[in-house]
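Position 157 of the sequence shown, counted from 1, bears residue number 145 in the numbering used here, the numbering being contiguous throughout.
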Amino acid sequence: MRIVSCSRGIGVLLLMICLGLAGRAVQAGDSPAQPPRPQLLHPGLAPQATSILQQVALSYDPHLDSQARDRDFLQKIALAKELLSVTQLQDLRQQSLALLNNHEEVSWETLRLLKWPQGDRVGVVLSVPVWVPSQARRVDAYAGFEKKWQTVALTHPRPSGYVWFAGKLEDINNKARYRPERTQVEVNSRFAPLAALFLEYIFREGWYDVNRRVPLLVLRIAEDTWSVSAHRGPVMAECLSYPDRESATLDAVLVQGYFESMSELHHGRHVPVSNHRLGLALDVNDFNYKNVIDGNPNPVSNALRHYNRNAMHRLDARNLPAWVYNAAKWVGFRIPQEWLYTGLSADWPHFDVGTRKNGSGDH
Ligand SMILES: [Zn+2]
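Following this line, the structure appears as structure tokens:
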């Protein structure tokens, strides 16, 4: 064991006190008077979506209890749908496909540059408030229409929002030290008000209640092929590995993964029928960990433990607790257990508008 010299020890102690104070300054309860709001990065590109976003902003009345917050959320969802003239979210898929009008292969790179009849551009950048762990840092992401994500990682076709990187599980689970930040994600402008409401609801819960802070480190909505840069890294990143692939057991081991570049951890490519290619699906905290068994929050799992969402969230806060899935149903999203992904596997942190096949009986 290495012995730390006295002066260095005091320095470390002072640093810890400073960090502690900084951490306290941004805690909710006594947070700044004005909460951060969802907004479009370039409002002029989509005046109608901008106007709807403003009209459906959630309330931050200091006296709102949990039930009152839920009522407010449900009212704003109803208002957003009325202003968008949609009854079920699946309508947005049909409208987007109609706008593409049989353009070769369905691609976000094509759709994003088109305009809705009302004049809004389809592709917009949504900026939303999120909670992140104290050590989290920002990493830019890129998108393109490429067969392989590696091409995007190496050539950076164009910028596409960013992710927050936090490597240590202890830091990820330390909610009292979280800080409010923003993230940016591309989205279909007709979907933007509904996606924003869902994300704002998650953020607002953490504003009122430290225990209900959920770190939203990775948000991905509109994209064909997406990655962070292959030139960022290497990094160490922790996650849990569950030796039992199928049962509900929560026995896990901590794995410290070494990644040559951050793109190994953050990348993806969607199939042509995916709602992501229309800007109508959300992936929340989707990672690509390697060398783990059913390591969560990896996206695909057969294990029963995933139904025990609150227990999973306590082990690793990046797992979404049950109330997030309830909120998703209130918006009208199709949620993971409602569809089979490949065989028996479910694509867990994914929310979307559904498809024609399953959409008719949708809620
Ligand atoms: Zn997805």
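Positions of the beta carbon are idealized from the N, C-alpha and C atoms, including for glycine.
How many angstroms separate the CA atom of residue i from the CA atom of residue j?
i: Y189; j: I323; result: 17 Å
i: A184; j: H264; result: 16 Å
i: E211; j: E226; result: 27 Å
i: R284; j: N276; result: For clarity, residue 284 is Asn in the given sequence; the question names Arg instead. Near 10 Å, if we compare the C-alpha coordinates of N276 and N284.
i: T143; j: K135; result: 13 Å
i: W195; j: G342; result: 30 Å
i: L87; j: L28; result: 22 Å
i: L41; j: R257; result: 29 Å
i: R125; j: V94; result: 33 Å
i: I281; j: S262; result: 26 Å
i: E174; j: D49; result: 29 Å
i: L242; j: E158; result: 11 Å
i: Y313; j: F133; result: 31 Å
i: S251; j: R81; result: 29 Å
i: L321; j: Q63; result: The amino acid occupying residue 321 in the given sequence is Phe; Leu does not appear at that position. Going from the Cα of F321 to the Cα of Q63 covers about 16 Å.
i: S148; j: Q138; result: 15 Å
i: L101; j: D108; result: 10 Å
i: K156; j: W104; result: 43 Å
i: R178; j: L72; result: 7 Å
So, under 8 Å CB-CB, residue i and residue j are touching, yes? Tell me the CB distance rounded to an integer number of Å.
i: V118; j: L33; result: So it is not a contact: roughly 22 Å between Cβ atoms.
i: L270; j: F339; result: 5 Å
i: V202; j: P309; result: 7 Å
i: D128; j: V216; result: 7 Å
i: A236; j: L228; result: A236 to L228, Cβ: 15 Å. No contact.
Apart from the five residues just before and just after residue i, which ones in its own chain have a Cβ nearer than 8 Å to its Cβ?
i: P238; result: According to the sequence shown, residue 238 is Leu rather than Pro. If we look at L238 and ignore the five residues flanking it on each side, its Cβ neighbours are Y230, R293, N296, A299, M300, L303.
i: L67; result: Q43, V44
i: L85; result: V94, L266
i: N162; result: P121, S122
Please determine whether the Cβ atom of residue i lies at a distance below 7 Å from any heavy atom of ligand 1.
i: A269; result: yes
i: H264; result: yes
i: H338; result: yes
Quick one: residues in its chain with C-beta nearer than 6 Å to the C-beta of residue i, no 5 flanking neighbours on either side, listed in chain order?
i: R170; result: S115, P117
i: D18; result: No answer about D18 holds up, because its pLDDT of 48 lies below 50 and its placement is not dependable.
i: H91; result: T98
i: T38; result: L28, P31
Spatial neighbours of residue i within its chain, please: C-beta separation below 7 Å, excluding the five flanking residues on both sides.
i: F247; result: G221, P222, V223, A225, L253
Provide the residue(s) that pair with residue i in DSSP beta bridges, ordered along the chain.
i: W152; result: R126
i: L28; result: L114
i: W195; result: Beta-bridge pairing links W195 to no other residue.
i: F247; result: V223
i: P147; result: Y130
i: F339; result: L270
Taking only beta-carbon atoms, is residue i less than 8 Å away from chain C?
i: T237; result: No chain C appears in the structure shown, which is made up of a single protein chain.
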